[in-house]
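As structure tokens, the structure follows; a few thoughts come after it.
2 protein chains.
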Amino acid sequence: MRPEAFVFDAYGTLYDVHSVAARCESCWPGKGAQLSQLWRAKQLEYTWQRSLMQRYVPFSTVTREALAYSCETLKLELSVAQMEGLMGEYTNLALYPEVTRTLQALKTRKAILSNGSPDILLPLVQNSGLKLDAVISVDELKIFKPAPQVYELAVKKLQTKDIGFVSSNCWDALGAKSYGFDVYWINRGNAPIDRLGFKPDRILKGLDEILL
Amino acid sequence: MRPEAFVFDAYGTLYDVHSVAARCESCWPGKGAQLSQLWRAKQLEYTWQRSLMQRYVPFSTVTREALAYSCETLKLELSVAQMEGLMGEYTNLALYPEVTRTLQALKTRKAILSNGSPDILLPLVQNSGLKLDAVISVDELKIFKPAPQVYELAVKKLQTKDIGFVSSNCWDALGAKSYGFDVYWINRGNAPIDRLGFKPDRILKGLDEILL
Chain A
0 MRPEAFVFDA
10 YGTLYDVHSV
20 AARCESCWPG
30 KGAQLSQLWR
40 AKQLEYTWQR
50 SLMQRYVPFS
60 TVTREALAYS
70 CETLKLELSV
80 AQMEGLMGEY
90 TNLALYPEVT
100 RTLQALKTRK
110 AILSNGSPDI
120 LLPLVQNSGL
130 KLDAVISVDE
140 LKIFKPAPQV
150 YELAVKKLQT
160 KDIGFVSSNC
170 WDALGAKSYG
180 FDVYWINRGN
190 APIDRLGFKP
200 DRILKGLDEI
210 LL
Chain B
0 MRPEAFVFDA
10 YGTLYDVHSV
20 AARCESCWPG
30 KGAQLSQLWR
40 AKQLEYTWQR
50 SLMQRYVPFS
60 TVTREALAYS
70 CETLKLELSV
80 AQMEGLMGEY
90 TNLALYPEVT
100 RTLQALKTRK
110 AILSNGSPDI
120 LLPLVQNSGL
130 KLDAVISVDE
140 LKIFKPAPQV
150 YELAVKKLQT
160 KDIGFVSSNC
170 WDALGAKSYG
180 FDVYWINRGN
190 APIDRLGFKP
200 DRILKGLDEI
210 LL
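Take a look at the structure:
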């Protein structure tokens, strides 16, 4: 039985963040992979730490702060133009190849639920041409995933609890499971399951498998 | 002016976790550094994620779960004996060399405020012979650092707001600063400051510098 609505995480689930890593590499040859990994790790850490500190700032700000920290750690000089160029990638990410046809084939309602703040999330969705019933940002709650009120926001916005939640970030999938959603973890990289006291309902290799 | 009480983080601040890395290396030669780094990173991630999910478990459980995840990621087989041996290190960590004399020289009240659950924190303090006025665990709150109620717990236990907070974990120092403490960041490794909207009041190379 299909749920009444599917709710998707954005970064890494629908949108491939590879182009950010490629631009890191073109700015600092030989350091791109290391920088983009540290940047992503710090970006997430800061969302969790700021949420717990009750010191929310928008995801675009967290992302800039994480980049500045990561460049300082790796002793890479970061110009304003490089910062803006890298941030610009966030509004022009490519969709994973199977996303558009999978979402077209899905006859339920479809929404994005993202940490992304509207200033970077809305242009991204528009630029990608994806058709959705709702694009929901945590920004109005001033707290990031995996707080339960974030998943509850999707219920309020879509006016249904019958939601299938889809994420490639295991901790996000398990946060949604802890809240009570039916959860699909997209495990493209064959990673272990995070130990957070919950299991995903289904583990998929790609988004198109939700149609099976 | 000295504060009325000093409150110290435990792991990495008073206690050197190097012996954990050494035991990882002796279990899996050539993999010790990589495993202990991933283990520590996951241990912290799980504290933040579980706090946000409102699914607290004691730090000893988080630490075991993070080890299991890390071994699976690195494809290292983990026996029960190895798990117990590694967890046993947590109750026998060495103090940094300057800790005992620094704390003896400090004539204020002194306490530990730690994520560590009593089952591993209390034996550690006892085994190290450290004399303190209080050993405070987040366990009674069922939430981890850097939530403000954790720092507030120290105020309640010590019955003073005039507290100097000391941590080698920058995000912990900044969480304490956000709460309102006077903060000393022990930056033994010359790391950059985390970008979390706050700065430590003082940055020290070692614990003894709080006496200066």
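So the sequence lines, in the order shown, correspond to chains A and B.
Position one of the first sequence corresponds to residue 0 (numbering that gives the first Met the number 0), numbered consecutively onward.
Position one of the second sequence corresponds to residue 0 (numbering that gives the first Met the number 0), numbered consecutively onward.
Ideal placement from N, C-alpha and C gives every residue a C-beta, glycine not left out.
Keep in mind that this is a model prediction, so the values were computed, not measured.
Going by Cα to Cα distance, which pick from the options is closest to residue i?
i: A/Lys198; options: A/Glu208, A/Gly205, A/Ile209 and A/Asn186; result: A/Asn186
i: B/Asp15; options: B/Val61, B/Lys74, B/Val98 and B/Ala32; result: B/Val98
i: B/Met52; options: A/Arg194, A/Val79, A/Leu66 and A/Ala20; result: A/Arg194
i: B/Val60; options: B/Glu71, B/Thr72 and B/Tyr45; result: In the sequence under discussion, the amino acid at residue 60 of chain B is Thr, which differs from the Val named in the question. Checked all of B/Glu71, B/Thr72 and B/Tyr45; the closest Cα to B/Thr60 is B/Tyr45.
i: A/Ser116; options: A/Ile209, A/Ala104, A/Lys141 and A/Asn189; result: A/Lys141
i: B/Ala172; options: B/Ala9, B/Arg1 and B/Met0; result: B/Ala9
i: B/Val19; options: B/Thr12, B/Leu13, B/Ala32 and B/Phe7; result: B/Ala32
i: A/Leu157; options: A/Lys109, A/Trp47, A/Trp38 and A/Gln42; result: A/Lys109
i: A/Leu75; options: B/Pro191, B/Lys30 and B/Val79; result: B/Pro191
i: B/Pro147; options: B/Leu85, B/Leu77, B/Ser50 and B/Cys23; result: B/Ser50
i: A/Trp27; options: A/Met82, A/Phe7 and A/Ala40; result: A/Met82
i: A/Gln125; options: A/Leu37, A/Leu94 and A/Lys30; result: A/Leu94
i: B/Val6; options: B/Ala175, B/Leu43 and B/Val56; result: B/Ala175
i: B/Asp132; options: B/Ser167, B/Lys144, B/Tyr55 and B/Thr107; result: B/Thr107
Under three-state DSSP, which class holds residue i?
i: A/Ile192; result: coil
i: A/Val134; result: strand
i: B/Trp27; result: coil
i: A/Ala146; result: coil
i: A/Arg201; result: strand
i: A/Val182; result: strand
i: B/Pro55; result: Checking the sequence shown, residue 55 of chain B turns out to be Tyr, not Pro. Looking at B/Tyr55 - three-state DSSP - the assignment turns out to be coil, as it is neither helix nor strand.
i: A/Pro117; result: helix
i: B/Arg187; result: coil
i: A/Arg100; result: helix
i: B/Lys41; result: helix
i: A/Ser78; result: coil
i: A/Lys160; result: coil
i: A/Met0; result: coil
i: A/Lys106; result: coil
i: B/Leu210; result: helix
i: B/Lys155; result: helix
For residue i, which beta-bridge partners are listed by DSSP?
i: A/Phe7; result: A/Ile111 and A/Val165
i: B/Ala218; result: There is no way to answer for residue 218 of chain B, as the model of chain B reaches only from 0 to 211.
Handout entry: Segment contact flag, the segment 133 to 143 of chain B with the segment 158 to 166 of chain B, C-beta cutoff 8 Å, min 3 pairs
Key = The way I'd put it, the segment 133 to 143 of chain B doesn't touch the segment 158 to 166 of chain B; fewer than three beta-carbon pairs between them come closer than 8 Å.
Handout entry: Three CB pairs or more closer than 8 Å across the segment 71 to 80 of chain B and the segment 99 to 108 of chain B
Key = no
Exercise for the section: State whether the segment 201 to 208 of chain B contacts the segment 177 to 192 of chain B, with contact taken as three or more CB pairs (one from each stretch) at a distance under 8 Å. Expected result: yes
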